[in-house]
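These notes are about the structure you will find just below.
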Amino acid sequence: MLSRIAESLYWIGRYVERAEDTARILDVHLQRMLADPWTREDAACRSLLAVMGMPTTDGPFTSARVVGLLGLDDRNPSSVVGALAAARENARGSRETVSSEMWECLNSTWHGLPNARRRVEQQGVHAFFRWVRERCAVMAGLTDATMSRDEGWLFLVLGRSVERVDMTARLLRTHERAGGSIPSWMTLLRSSGAWETFLRTYRGALDDRHAAEFLLLDRLFPRSVFAALSTAESCLSDLEPDPGRAGVATDAQRIVGRARTNLEFRGADELIGDLSPVLASLEKTCSQVNAAVSRRYFRQTTAVNWVRGAVA
Numbered sequence: 001m002l003s004r005i006a007e008s009l010y011w012i013g014r015y016v017e018r019a020e021d022t023a024r025i026l027d028v029h030l031q032r033m034l035a036d037p038w039t040r041e042d043a044a045c046r047s048l049l050a051v052m053g054m055p056t057t058d059g060p061f062t063s064a065r066v067v068g069l070l071g072l073d074d075r076n077p078s079s080v081v082g083a084l085a086a087a088r089e090n091a092r093g094s095r096e097t098v099s100s101e102m103w104e105c106l107n108s109t110w111h112g113l114p115n116a117r118r119r120v121e122q123q124g125v126h127a128f129f130r131w132v133r134e135r136c137a138v139m140a141g142l143t144d145a146t147m148s149r150d151e152g153w154l155f156l157v158l159g160r161s162v163e164r165v166d167m168t169a170r171l172l173r174t175h176e177r178a179g180g181s182i183p184s185w186m187t188l189l190r191s192s193g194a195w196e197t198f199l200r201t202y203r204g205a206l207d208d209r210h211a212a213e214f215l216l217l218d219r220l221f222p223r224s225v226f227a228a229l230s231t232a233e234s235c236l237s238d239l240e241p242d243p244g245r246a247g248v249a250t251d252a253q254r255i256v257g258r259a260r261t262n263l264e265f266r267g268a269d270e271l272i273g274d275l276s277p278v279l280a281s282l283e284k285t286c287s288q289v290n291a292a293v294s295r296r297y298f299r300q301t302t303a304v305n306w307v308r309g310a311v312a
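The sequence shown begins at 1 in full-length UniProt numbering and counts up by one.
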């Protein structure tokens with residue numbers, strides 16, 4: 001597979017997942033603001049922006065401004081709208097690899113964004129976030145239903161899994177910064193699409209230990225950090241069918257394997273006690289994996305310098 005196509009598919013997976021998870025995080029933020037009228041809006045907004053890696057010097061901040069920055073800013077690839085636009089642009093450059101249904105899904109979603117902004121004005125931001133989650137779910141379903149399980153699919157799922165680890169860690173950090181109350185866990189589980197599954201798993205026993213265990217360690221829930229790391233590890237292993245005689249073949253496999261092992265052999269009580277450093281380590285892991293995958297599989301280019309009419 002051409003490295004250009006592999007990179008486009010990897011970033012389609014990342015951007016679609018980023019759009020969905022950013023919508024979920026913003027939904028959690030707004031629900032928390034409504035549930036607790038005593039929350040200081042500026043401080044809560046600064047905390048969210050810091051979690052999402054956005055600058056917080058140009059204050060004051062309101063929920064409406066945060067929605068504009070992280071939700072509707074089409075110039076920011078980390079916003080919901082910007083991520084969907086970037087996913088569509090990457091799909092446009094790899095039309096020969098993605099299915100026609102996947103392209104039509106991303107293209108129609110992109111064309112629907114102006115109407116989505118009007119929906120925000122008429123029906124509120126929650127309707128917009130729900131629409132984003134539905135469109136991303138359609139894209140995920142079409143990906144799994146229409147792509148062959150070849151290298152292209154592996155790169156797309158790898159990108160989706162790496163982004164899911166990163167965004168789930170950020171979602172948990174919003175909970176940590178909010179004080180870690182039981183209502184906060186409930187909102188967090190609902191926003192992750194995990195509420196009903198959590199209730200069936202733990203028979204309705206909601207406490208810090210069970211909630212952290214489910215979102216970080218559960219092997220069967222696909223949005224848990226452990227499940228996403230395991231999927232990424234499997235994709236990397238399939239991309240390197242001949243690992244050699246010693247260890248693993250690539251830096252990316254080593255990084256993901258260490259993160260998965262570090263998480264797998266921690267108890268739930270230990271996770272609660274070390275939640276902040278664990279989440280920071282997961283975000284660092286995602287950055288390192290992205291760099292390692294880029295070095296290994298994607299074409300590295302340098303800027304073209306023009307010297308006296310010739311290319312140097």
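All C-beta atoms in this analysis are idealised placements derived from N, C-alpha and C, irrespective of residue type, glycine included.
In whole angstroms, what separates the C-alpha of P114 from that of M52?
-> To locate residue 114, count along the sequence shown from 1; it is residue 114. To locate residue 52, count along the sequence shown from 1; it is residue 52. CA-CA distance, P114 to M52, rounds to 24 Å.
What do you reckon, are the CB atoms on L279 and L215 nearer than 8 Å?
-> Here residue 279 corresponds to residue number 279 of the sequence shown, with the count starting at 1. Here residue 215 corresponds to residue number 215 of the sequence shown, with the count starting at 1. No, these two residues do not count as a Cβ contact at 8 Å.
Kindly indicate which residue of L70, T143, R203 and Q288 has the alpha-carbon position closest to the one of R258.
-> Along the sequence shown, one-based indexing puts residue 258 at 258. Here the closest residue by C-alpha is Q288.
Are R223 and S192 touching if we call contact CB-CB under 8 Å?
-> Taking the sequence shown and counting its residues from 1, the one referred to as residue 223 is at position 223. Taking the sequence shown and counting its residues from 1, the one referred to as residue 192 is at position 192. It is a contact, given that the beta carbons lie within the stated cut-off.
With P114 as the anchor, note down where its alpha helix (DSSP H) starts and where it stops.
-> As a first step, residue 114 must be located in the sequence shown, where it is residue number 114. Element bounds for P114: L113 to Q123.
V311 by DSSP, collapsed to three states: which one?
-> As a working mapping, residue 311 is identified with position 311 in the sequence shown. Any reading at V311 needs caution, since the residue's pLDDT is 47, under 50, leaving its predicted position unreliable; the model's value is listed next. Three-state DSSP puts V311 in a strand.
Chain-order list of residues whose beta-carbon lies under 6 Å from that of Q31 (same chain, five-residue window excluded) = As a position in the sequence shown, residue 31 is number 31, starting the count at 1. Contacts found: T187.
Touch test, the stretch 8-28 against the stretch 125-139, Cβ-Cβ under 8 Å, three pairs minimum = Taking a contact to require three or more Cβ pairs closer than 8 Å, the stretch 8-28 and the stretch 125-139 qualify as touching.
When the Cα of F61 is compared with those of G71, E41 and R75, which residue comes out closest?
-> As a working mapping, residue 61 is identified with position 61 in the sequence shown. Checked all of G71, E41 and R75; the closest Cα to F61 is E41.
When DSSP labels each residue in this structure, what does F221 get in the three-state scheme?
-> Looking up residue 221 in the sequence shown gives position 221. In the structure shown, F221 sits in coil (DSSP, three-state: anything other than H, G, I, E or B).
Compare the Cα-Cα distances from R190 to each of R4, I12, A6 and D21 and report the closest residue.
-> Here residue 190 corresponds to residue number 190 of the sequence shown, with the count starting at 1. Comparing Cα positions, the closest option is D21.
Quick one: residues in its chain with C-beta nearer than 6 Å to the C-beta of R135, no 5 flanking neighbours on either side, listed in chain order?
-> On the sequence shown, position 135 is the one that residue 135 refers to. Taken in chain order, the residues that qualify are T109.
Candidates S99, W103 and L72: which alpha carbon is nearest E89's?
-> Taking the first residue of the sequence shown as 1, we reach residue 89 at position 89. Shortest Cα-Cα distance from E89 to any of S99, W103 and L72 involves W103.
Is A50 near the ligand NAD, going by C-beta to nearest heavy atom under 7 Å?
-> The ligand NAD is not part of the structure shown, which contains no ligands of any sort.
C-alpha distance - T143 paired with S294, whole-angstrom precision | On the sequence shown, position 143 is the one that residue 143 refers to. On the sequence shown, position 294 is the one that residue 294 refers to. Between T143 and S294, the C-alpha separation is close to 22 Å.
Return the residue from the list D269, A268, N262 and G267 that minimises the CA-CA distance to S281.
-> Here residue 281 is taken as the residue at index 281 of the sequence shown, counted from 1. Closest option to S281, Cα to Cα, is N262.
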